[in-house]
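Numbering (the numbering used here), first residue to last: 255 to 306.
To start, the structure itself, in structure tokens.
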């Protein structure tokens, strides 16, 4: 019985760790996305400035 509880416990831990990592990956992706948008804004601003 203790063996089964141990297996369930380790499965639960690894699953929550997986979920945590997935959330972190999404956060990192969103940060990269925001950064890319900012870079695009800066580039378009510089292009406009050169045209004037």
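The beta-carbon is built from N, C-alpha and C at its ideal position, and this holds for glycine as well.
- Give the secondary structure of residue 305 by DSSP, where H, G and I count as helix, E and B as strand, and everything else as coil. The count along the chain shown starts at 1 and reaches residue 305 at position 51. Correct three-state label for residue 305: helix.
- Note down the Cα distance separating residue 263 from residue 298, rounded to an integer number of angstroms. Numbered from its first residue, the chain shown carries residue 263 at position 9. Numbered from its first residue, the chain shown carries residue 298 at position 44. If you take the alpha carbons of residue 263 and residue 298, they lie about 53 Å apart.
- Query: So, helix, strand or coil for residue 255, using DSSP?
  - Reply: Reading the chain shown from its first residue, position 1 is the one you call residue 255. Residue state, collapsed to three classes: coil.
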